[in-house]
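S.K.:
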Amino acid sequence: MIFGMHAVSAAGAADHWAHVRSFGTGLSLPVYRQKGAGEADVPYLELLILFSFIVFVWEFYLDVRQYRALQRKDIPSALTERIAELDSRATASGSAPPEQASRSKDDPSPPAATSLLDRLTSKFEAARKYSIDKAHLGFVETAFSQTENTTLLLLGSMPWFWDISVELAGRWLGNRENEYVVSLVLLGLNMVLEQVVHLPFSLWAVFVVEERHGFNKQSLGNFFLDKLKGLALSALLGGPMTLAVLYVIKAGGRSFFLYLYLLVLAFQLLLLTIYPTVIAPLFNKYEPLPEDSELKIQIDALASRVKFPLTKVFVVDGSRRSAHSNAYFYGFFKNKRIVLFDTLIAQVRPSELLSVLAHELGHWAHSHTLQMFLVSQVHLFLAFFLFASSLDNAALFASFGFSSRPTIIALLLFFQAIWSPVDKALSFVFTLWTRRNEFQADEYAVGLGYSEGLQRGLVKLQIENLSNPSPDPWYSFYHYSHPPLTERLEAIWARQQAVERKRE
1 MIFGMHAVSA AGAADHWAHV RSFGTGLSLP VYRQKGAGEA DVPYLELLIL
51 FSFIVFVWEF YLDVRQYRAL QRKDIPSALT ERIAELDSRA TASGSAPPEQ
101 ASRSKDDPSP PAATSLLDRL TSKFEAARKY SIDKAHLGFV ETAFSQTENT
151 TLLLLGSMPW FWDISVELAG RWLGNRENEY VVSLVLLGLN MVLEQVVHLP
201 FSLWAVFVVE ERHGFNKQSL GNFFLDKLKG LALSALLGGP MTLAVLYVIK
251 AGGRSFFLYL YLLVLAFQLL LLTIYPTVIA PLFNKYEPLP EDSELKIQID
301 ALASRVKFPL TKVFVVDGSR RSAHSNAYFY GFFKNKRIVL FDTLIAQVRP
351 SELLSVLAHE LGHWAHSHTL QMFLVSQVHL FLAFFLFASS LDNAALFASF
401 GFSSRPTIIA LLLFFQAIWS PVDKALSFVF TLWTRRNEFQ ADEYAVGLGY
451 SEGLQRGLVK LQIENLSNPS PDPWYSFYHY SHPPLTERLE AIWARQQAVE
501 RKRE
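Numbering-wise, the UniProt record's numbering puts 94 at position 94 of the sequence shown, and it's gapless, one number per residue.
Spelled out as structure tokens, the structure:
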């Protein structure tokens, strides 16, 4: 926004667009309106602000509930009982040697043996403080974003930025009349300014919160290098895609929404294809897991057992940036690949890692990834179909202060003012569905005989990532894509009991 203010303060700019701008008086909203912008029959702007405020109040209420839950200094008894039972069974069976307590890498003393429950208890206060620090940042950032977005809408930032983009396209590129060029300038300005405005929050999250709790491993230089790489990729991939989208909308006729959907589908498939081999290696190093390693042999055996078409296993240097851990698979058809974070390998035993992978293969066995992709395509097609009906919605443009009707603005207004309530509702449904899928994947791993290893692995990941073991139930129900640890352990235990009863 600072850049935009500087641009309009120039004498040449003021002379040029003084005749196309008019500032509203009295209660006219938005404040900045293009000359000739009429009155809207439907108050889309006011309705969007109202909807945004309702969502903000609801989610702020959930944040407060979560913050209160974080003040509790005791671990839920249901969780401690389940983990104590895990420790007891491991000791009785001799299947798991004593755990090693987490300690400083500079500590020369031999590691002390401890139980999972002891480890969780010793890390509980650290996990609680980590969650509180993230909550503090979340409160500030959420309030700032809500204030920023509402203020910009009321001031008429969208028509204002469009007029600025027209002016800059004329100055820099000598082509102020070309809607394609102006659209790229608009999106470029928005992308850069968004990065700048929210940079303090990103810096605080990484170099204060993550650093304070021992997770951050990247330097300030690498942080900004990643930002620059992200901006460059957005320009290289997003620029041509934007031009293609605008062309299809303009040239596609009444059925443009169908061609637009096919274009975006092709782009998604392209990204899915090139991301693992072209984009991801720009940010991390991927090394094949040695073929003769014991872990690779065990992973191959698991894949063969369930007929998972595994071709390669990679280890990624996640520790280069963070101490957090993860594992995932990707690939089309018969060319599946597994990626393990080096932090995950360091945090759990091989048997537990295999159990975590059995869970991931459960997503494949139940076709969760394919189902989610297909549902997202229906979601996308429906959005474009409805967008086609609002492309010439004069009231929508007028409500936000436009007299002109640029295609890119029509697209932005539709997704911001009309589709956002639908999208918010659907995102909650997707969250519920994803949680169901997690339970299914856990059941799959239990069916393969990985109940104990999966439970121990989940507990260790909870401990090492300082995850909150006692979230507010309303907050987790609304936000969590993965069930809380207590719910997962109880579901795994119940499933294991059912499996054992069938065997008897």
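Using N, Cα and C, we set each Cβ at its ideal position, and we do this for glycine too.
(1) Please look up how many angstroms separate the CB atoms of Leu154 and Val31, rounded, as I've assumed it's under 8 Å.
(2) The alpha helix (DSSP H) that contains Ala40, what's its start and end?
(3) On the CB-based measure, 16 or more other CB atoms within 10 Å of its CB, does Gly170 come out buried or exposed?
(4) Drop a sphere of 10 angstroms on the beta-carbon of Gln66, count the other beta-carbons inside from all chains shown, and report buried for 16 or more, exposed for fewer.
(5) Where Ala205 and Ala323 are concerned, what is the direct C-alpha to C-alpha distance, given to the nearest angstrom?
(6) Return the CA-CA distance between Leu47 and Ala417, expressed in angstroms with no decimal places.
(7) Beta-carbon within less than 8 Å of Asp472's beta-carbon, same chain only, minus the 5 sequence neighbours each way: which residues are those?
(8) Within 10 angstroms of the Cβ of His136, are there 16 or more other Cβ atoms? Answer buried if so, exposed if not.
(9) In the DSSP assignment, what residue or residues form a beta bridge with Asn393?
(10) Can we count Leu184 as close to the ligand ATP, meaning its CB is less than 8 Å from some heavy atom?
(11) Given this structure, state the Cα-to-Cα distance separating Ile463 from Pro483, to the nearest angstrom.
(12) Could you name the residues of the same chain whose beta carbon sits closer than 8 Å to that of His479, not counting the 5 residues immediately before and after it, in chain order?
(13) What does a CB cutoff of less than 8 Å around residue 506 pick up in its chain, not counting 5 residues either side in sequence?
(14) Counting only beta-carbon atoms, is Ala92 nearer than 9 Å to chain D?
(15) In the DSSP assignment, what residue or residues form a beta bridge with Ser325?
(16) Beta-carbon within less than 7 Å of Arg21's beta-carbon, same chain only, minus the 5 sequence neighbours each way: which residues are those?
(17) Are the beta-carbon atoms belonging to Leu289 and Phe329 less than 9 Å from one another?
(18) List the residues that DSSP assigns as beta-bridge partners of Glu287.
(19) Would DSSP call Phe430 helix, strand or coil?
(20) Measure the beta-carbon distance from Gln371 to Leu461 and round it to whole angstroms, keeping in mind my assumption that it falls under 8 Å.
(21) In whole angstroms, give me the CA-to-CA distance for Gly138 and Arg488.
(22) CA-CA distance, Lys123 and Glu452?
(23) For Arg337, which beta-bridge partners are listed by DSSP?
(24) Output the boundary residues of the alpha helix (DSSP H) element that contains Thr277.
(25) Is it right to say Pro111 is buried, meaning 16 or more other beta carbons lie within 10 angstroms of its own, or is it exposed?
(26) Going by other Cβ atoms of all chains shown within 10 Å of its Cβ, with 16 needed for buried, is Val378 buried or exposed?
(27) Assign Asn216 to one of three DSSP states: helix, strand, or coil.
(28) Mind checking Ile332: buried by the 16 CB within 10 Å criterion, or exposed?
(29) Considering Cα atoms alone, identify which of Leu270, Phe387, His198 is closest to Leu258.
(30) For the candidate residues Leu295, Phe385, Asp300, whose alpha-carbon lies nearest to that of residue 505?
(31) The alpha helix (DSSP H) spanning Asp300 covers which residue range?
(32) Do you know offhand how far Ser234's Cα is from Trp364's?
(33) If you drop the 5 nearest sequence neighbours on each side, which residues of the same chain put their C-beta closer than 8 Å to that of Lys229?
(34) Flag this pair as yes or no: are the beta carbons of Val339 and Ala358 separated by less than 9 Å?
(35) Quick one, are the C-beta atoms of Lys285 and Thr311 less than 9 Å apart?
(36) In chain order, what residues of the same chain have a beta carbon less than 8 Å from the beta carbon of Asn178, not counting five sequence neighbours either side?
M.R.: Reading off the structure:
(1) Indexing the sequence shown from 1 puts residue 154 at position 154. Indexing the sequence shown from 1 puts residue 31 at position 31. Contact flag correct, Cβ pair sits at about 6 Å.
(2) Looking up residue 40 in the sequence shown gives position 40. Per DSSP, Ala40 belongs to no alpha helix (DSSP H) and is neither H nor E.
(3) Here residue 170 corresponds to residue number 170 of the sequence shown, with the count starting at 1. Looking at its Cβ environment, which holds 16 or more other Cβ atoms inside 10 Å, Gly170 is buried.
(4) Counted from its first residue, the sequence shown places residue 66 at position 66. That one is buried.
(5) In the sequence shown, residue 205 corresponds to position 205, counting from 1. In the sequence shown, residue 323 corresponds to position 323, counting from 1. Cα to Cα, Ala205 sits roughly 14 Å from Ala323.
(6) Within the sequence shown, residue 47 is the residue found at index 47, counting from 1. Within the sequence shown, residue 417 is the residue found at index 417, counting from 1. Their Cα atoms are separated by approximately 8 Å.
(7) Within the sequence shown, the letter at position 472 stands for residue 472. Taking C-beta separations shorter than 8 Å and ignoring five residues to either side along the sequence, the partners of Asp472 in its chain run Leu62, Arg65, Gln66, Arg68, Ala69, following chain order.
(8) The residue you call residue 136 lines up with position 136 of the sequence shown. Under this definition His136 is an exposed residue.
(9) On the sequence shown, residue 393 is found 393 positions in, with the first residue counted as 1. Paired residue(s): none; Asn393 is not in a bridge.
(10) Annotation note on the ligand ATP: not contained in the displayed structure, which lists no ligands.
(11) On the sequence shown, position 463 is the one that residue 463 refers to. On the sequence shown, position 483 is the one that residue 483 refers to. Rounded to whole angstroms, Ile463 to Pro483 spans 16 Å at the Cα level.
(12) In the sequence shown, residue 479 corresponds to position 479, counting from 1. Same-chain partners within the cutoff: Leu62, Thr431.
(13) Residue coverage of the chain in this structure runs from 1 to 504, which leaves residue 506 outside it and unanswerable.
(14) The structure shown contains no chain D; it is built from a single protein chain.
(15) For the purposes of this step, residue 325 is taken as residue 325 along the sequence shown, with counting starting at 1. DSSP output for Ser325 lists no bridge partner at all.
(16) Your numbering for residue 21 matches position 21 in the sequence shown. Low per-residue confidence applies at Arg21: pLDDT is 37, beneath 50, and the placement is therefore not dependable, though the value from the model is reported in the following sentence. Excluding positions up to five away in sequence, the list reads Tyr32, Gln34, Lys35, Asp163.
(17) One-based indexing of the sequence shown puts residue 289 at position 289. One-based indexing of the sequence shown puts residue 329 at position 329. No. Outside cutoff.
(18) Walking along the sequence shown from the start, residue 287 turns up at place 287. Beta-bridge pairing by DSSP links Glu287 to Val315.
(19) What you label residue 430 is simply residue 430 of the sequence shown in a count that begins at 1. DSSP places Phe430 in helix when its eight states are reduced to three.
(20) Position 371 of the sequence shown, counted from the start, is the residue given in the question as residue 371. Position 461 of the sequence shown, counted from the start, is the residue given in the question as residue 461. That pair is no contact at about 25 Å.
(21) Walking along the sequence shown from the start, residue 138 turns up at place 138. Walking along the sequence shown from the start, residue 488 turns up at place 488. Whole-angstrom Cα-Cα distance: 26 Å.
(22) As a first step, residue 123 must be located in the sequence shown, where it is residue number 123. As a first step, residue 452 must be located in the sequence shown, where it is residue number 452. Roughly 22 Å separates the two Cα atoms.
(23) On the sequence shown, position 337 is the one that residue 337 refers to. For Arg337, which the question treats as bridged, DSSP gives the partners Lys312, Tyr330.
(24) As a working mapping, residue 277 is identified with position 277 in the sequence shown. Looking at the DSSP string, Thr277 is not in any alpha helix (DSSP H), and its letter there is neither H nor E.
(25) As a working mapping, residue 111 is identified with position 111 in the sequence shown. For Pro111, the pLDDT reaches just 47, beneath the cut-off of 50, and the residue's location in the model is therefore unreliable, although a value from the coordinates is still provided. Classification of Pro111: exposed, given that the 10 Å Cβ count is below 16.
(26) Within the sequence shown, residue 378 is the residue found at index 378, counting from 1. Flag for Val378 reads exposed.
(27) In the sequence shown, counting from the first residue as 1, residue 216 sits at position 216. Residue state, collapsed to three classes: strand.
(28) For this step, residue 332 is matched to residue 332 along the sequence shown. It is worth fixing the name first, because residue 332 is Phe in this sequence and not Ile. Per the 10 Å Cβ criterion, exposed.
(29) Working through the sequence shown from its first residue, we reach residue 258 at position 258. For the residues Leu270, Phe387, His198, the minimum Cα distance to Leu258 belongs to Phe387.
(30) In the structure as shown, the chain begins at 1 and stops at 504. Residue 505 is therefore absent and cannot be evaluated.
(31) Taking the sequence shown and counting its residues from 1, the one referred to as residue 300 is at position 300. Boundaries of the alpha helix (DSSP H) harbouring Asp300: 294–306, taken from the DSSP string.
(32) Locating residue 234 in the sequence shown gives position 234, counting from the first residue. Locating residue 364 in the sequence shown gives position 364, counting from the first residue. Looking at the two C-alpha atoms, the distance is approximately 30 Å.
(33) Position 229 of the sequence shown, counted from the start, is the residue given in the question as residue 229. Correct list, in chain order: Leu282, Phe283.
(34) What you label residue 339 is simply residue 339 of the sequence shown in a count that begins at 1. What you label residue 358 is simply residue 358 of the sequence shown in a count that begins at 1. Not a contact, by the Cβ cut-off of 9 Å.
(35) In the sequence shown, counting from the first residue as 1, residue 285 sits at position 285. In the sequence shown, counting from the first residue as 1, residue 311 sits at position 311. In this structure, Thr311 does not lie closer than 9 Å to Lys285 by Cβ.
(36) Here residue 178 corresponds to residue number 178 of the sequence shown, with the count starting at 1. For Asn178, where only same-chain residues beyond five positions count, the Cβ hits under 8 Å are Ala169.
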